[in-house]
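Chains as they are written, first to last, in our numbering: chain C, -16 to 237; chain Z, 25 to 279; chain F, 254 to 521.
Report on the following structure.
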């Protein structure tokens, strides 16, 4: 009986070994594939000359900035929609109309308005992040135990106090979950914008490597992007578990 | 829909119309340069123009075509693979962890690899769309097949059902809610990747249209394109809802 | 009852071949012996009830009869042949009816599943379904989904699906355990009449002593840890049974007392 943990690694390691052996056997010369050993070497080289770190810094900066901006807007609106049901019902059609616009469709608008660089990317990431956070924080507020709202009324808390002391703490676990999901989206959108058009960050780096016909560097960046995404997600899951315990993970698909 | 729900809906439409009115006012007052922000009247005019003189329609169809091919290929492959992996505990234990690792990976990062392999072509776009759309389908299908009620498998055993019958009569219907929600996600991914590939490869489609409009500072055309993309997103989500409601009506009945 | 040896139980007539036979059957799972040295012959058409305290292995014994489990030692035979896989002519009625019905099919669809599997032509299915639903008291409910039906109705639907298999034997695992007393009594009588009409052999597992005596021709009690046969009672009460008169019959009360004492002793 092979233990479960070992089983998890057998497939990827086996695939890498097979790929390496095959590449050596056929003396691989290709624009799109490279043996794992070359990929590893390219990765090390990119770390040594710092290029990958700069690119990572750029991407993560845009992603987080966009997450914060979009998150703030989404959170404010989401809480307002959750608390004021009239507002919620009146805004239904407007939200339903704007939401389906793919964030990437705003790319050209952001481009002519802000040109290349951080700001346009942050704008698009923010737009993409608003929706999951708005919807989930609205649901989080709506789901607050009505008893707590009654308590806040009995204590005669002022509205800002009520939001600060009762609503936000009660909704916090689900709001954190919303941010965790949005963080994943932020990274994906940031990289996508960079791949499509923006000359900064990891997306631009991987495109440059492809254009320079360096499959080893290109695949190294691909691997690194995957690793960053995985570490980000895992880090946030651990943070969530640590801050809110397993109960907060109820209803979580990821 | 009952009376009061209808009234609220109407009020909601009025609010939305109000926002459009506000947009028109902002545009008329030129608070933002018309180069960046056309009024809704100009955007609408561009839409009408685009469809009557034919250009916008072919772009729309181009995007829809890319989406359709990629999404369809992804659905077939995703469901087939997902069914295989999901129904075998052995396969799951070997494959699922790797899939979990790949889940947060930005799928657009495959684009340069696809370009290296296939060039800036239509096939590259369809490959990328299919690759991106397969993940939500695959993961949802695996989950659906893994979660089939074990008692039903015992019923199947006692009835001596053939393997094929078990898959089509028990496992697939049981997994269908998960599969449908995976399909919904896949459609969103397909739209996004279609736009990105069109921008990169200059393919015939709305992505290319909005990029060209932006480059020539034709803001009305640009907004018309963005609105159309939003409409595609809305209609595909709506279509999925309708399909889901019909196929899954057994879920809503009873308690 | 402590350390009584395994009893070999013979039906009163030794001439007929048993339909279901357990020969020295034991089952060990994960190091624990669940049932040990079960020897049992069930006559064709017999209604056998199995009772016992919780955890005595009665459900396990039923699943062995269904060939859902294979014995670690000994054999389970049906009509003389050893059973390696479940047979289509043995139908199982599970306790958790909600999980044993297909939620995405209507009542008619659920019954149809059995008919499709045994190869009934599609043209004939509709009439069979109608007939079966009427038999279990669900006429006119063909278009309802399981989620729209009460517990009692769902269990009847499961029974209808089992009858669609035209079973020679019906294995029932505490089928009425999750239902209220009134529904339970109604279903008990329905099962009795259905079985009388079809002549199927029945193995009925229950924790309700009165139910076992009311329904059965024979009651077997299992001792726990590991499960082995501890008592066998022949039920000589007149058929057809009646909820009021049978339950007041002095013989019924005597049998009930005997089983009650058995359970008390086995739990000690």
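Heads up, the beta-carbon is just placed ideally off N, CA and C, and yes, glycines get one too.
C-beta neighbour in chain Z for residue i, strict 8 Å
i, result
"residue 374 of chain F", "no"
"residue 385 of chain F", "no"
"residue 433 of chain F", "no"
"residue 370 of chain F", "yes"
"residue -13 of chain C", "yes"
"residue 233 of chain C", "Note that residue 233 of chain C scores a pLDDT of 47, beneath 50, so its modelled location is shaky and nothing firm can be said."
"residue 341 of chain F", "yes"
"residue 125 of chain C", "no"
"residue -5 of chain C", "yes"
"residue 356 of chain F", "yes"
"residue 76 of chain C", "yes"
"residue 89 of chain C", "yes"
"residue 345 of chain F", "yes"
"residue 40 of chain C", "no"
Per DSSP, the bridge partner or partners of residue i
i, result
"residue 326 of chain F", "F/279"
"residue 44 of chain C", "Paired residues: none, contrary to the question."
"residue 260 of chain Z", "Looking at the DSSP assignment, residue 260 of chain Z forms no beta bridge with any residue, so it has no partner."
"residue 481 of chain F", "F/476"
"residue 295 of chain F", "F/273"
"residue 106 of chain C", "DSSP, once it has assigned bridges, lists no residue as partnering residue 106 of chain C."
"residue 254 of chain Z", "According to DSSP, residue 254 of chain Z bridges with nothing at all."
"residue 286 of chain F", "F/281"
Contact with chain C by residue i, beta-carbon distance below 8 Å
i, result
"residue 160 of chain Z", "no"
"residue 60 of chain Z", "yes"
"residue 201 of chain Z", "no"
"residue 136 of chain Z", "yes"
"residue 272 of chain Z", "no"
"residue 246 of chain Z", "yes"
"residue 194 of chain Z", "no"
"residue 53 of chain Z", "no"
"residue 257 of chain Z", "yes"
"residue 36 of chain Z", "yes"
"residue 139 of chain Z", "yes"
is_contact[residue i, chain F] using C-beta, thresh 8 Å
i, result
"residue 128 of chain Z", "no"
"residue 279 of chain Z", "Reliability fails at residue 279 of chain Z, whose pLDDT of 42 lies under 50, so the model's placement of it is uncertain and no value is given."
"residue 261 of chain Z", "no"
"residue 121 of chain Z", "no"
"residue 175 of chain Z", "yes"
Contact under 8 Å by Cβ, residue i with residue j
i, j, result
"residue 62 of chain Z", "residue 48 of chain Z", "no"
"residue 115 of chain C", "residue 64 of chain C", "no"
"residue 88 of chain C", "residue 224 of chain Z", "no"
"residue 473 of chain F", "residue 306 of chain F", "no"
"residue 285 of chain Z", "residue 102 of chain Z", "In the structure displayed, chain Z extends from 25 to 279; residue 285 of chain Z sits before or after that span and is not available."
"residue 503 of chain F", "residue 286 of chain F", "no"
"residue 50 of chain Z", "residue 59 of chain Z", "no"
"residue 315 of chain F", "residue 324 of chain F", "no"
"residue 512 of chain F", "residue 304 of chain F", "yes"
"residue 185 of chain C", "residue 204 of chain C", "yes"
"residue 136 of chain Z", "residue -4 of chain C", "no"
"residue 126 of chain C", "residue 46 of chain C", "no"
"residue 74 of chain C", "residue 39 of chain Z", "yes"
"residue 363 of chain F", "residue 424 of chain F", "no"
"residue 105 of chain C", "residue 24 of chain C", "no"
"residue 198 of chain Z", "residue 345 of chain F", "no"
"residue 36 of chain Z", "residue 76 of chain C", "yes"
"residue 121 of chain Z", "residue -2 of chain C", "no"
"residue 476 of chain F", "residue 311 of chain F", "no"
Neighbour flag for residue i against chain D, beta carbons, 8 Å
i, result
"residue 352 of chain F", "Looking for chain D here will not work: the only protein chains present are C, Z and F."
Secondary structure, alpha helix (DSSP H): runs of 4+ residues fully inside the segment 335 to 412 of chain F = 350 to 353, 360 to 371 and 375 to 388, all fully within the segment 335 to 412 of chain F.
Taking only runs of the beta strand (DSSP E) that begin and end inside the segment 415 to 475 of chain F, which ones reach a length of at least 3 residues, in chain order?
-> Fully enclosed beta strand (DSSP E) runs of 3 or longer: 422 to 426 and 454 to 458.
Mind listing, in chain order, the continuous beta strand (DSSP E) runs of no fewer than 3 residues lying wholly within the segment -6 to 24 of chain C?
-> If you keep only unbroken beta strand (DSSP E) runs of at least 3 residues inside the segment -6 to 24 of chain C, you get nothing at all.
Three or more beta-carbon pairs under 8 Å between the segment 184 to 201 of chain Z and the segment 355 to 366 of chain F, yes or no?
-> Counting Cβ pairs under 8 Å, three or more are found: they touch.
Runs of alpha helix (DSSP H) wholly within the segment 193 to 228 of chain C (minimum 4 residues, chain order) = The alpha helix (DSSP H) runs lying completely inside the segment 193 to 228 of chain C and spanning 4 residues or more are 198 to 227, given in chain order.
Spell out a yes or no on whether the segment 257 to 274 of chain Z and the segment 80 to 87 of chain Z are touching, meaning 3 or more CB-CB pairs, one atom from each, closer than 8 Å.
-> Too few Cβ pairs lie closer than 8 Å, so no.
Does the pairing of the segment 237 to 250 of chain Z with the segment 67 to 81 of chain Z give three or more beta-carbon distances under 8 Å?
-> Counting C-beta pairs closer than 8 Å gives three or more between the segment 237 to 250 of chain Z and the segment 67 to 81 of chain Z, which meets the contact rule.
How about the segment 140 to 152 of chain C and the segment 78 to 98 of chain C: do they share at least three Cβ pairs that are nearer than 8 Å?
-> Too few Cβ pairs lie closer than 8 Å, so no.
Okay, do the segment 224 to 233 of chain Z and the segment 142 to 162 of chain Z touch, 3+ Cβ pairs below 8 Å being the bar?
-> Under the Cβ criterion (8 Å, minimum of three pairs), the segment 224 to 233 of chain Z counts as touching the segment 142 to 162 of chain Z.
Hey, which unbroken runs of the alpha helix (DSSP H) at 4 residues or more fall wholly within the segment 98 to 173 of chain Z?
-> Correct list: 113 to 126, 135 to 142 and 146 to 170.
The segment 97 to 112 of chain C in contact with the segment 152 to 172 of chain C per 3-pair CB rule at 8 Å | The answer is yes - the segment 152 to 172 of chain C touches the segment 97 to 112 of chain C, with three or more Cβ pairs under 8 Å.
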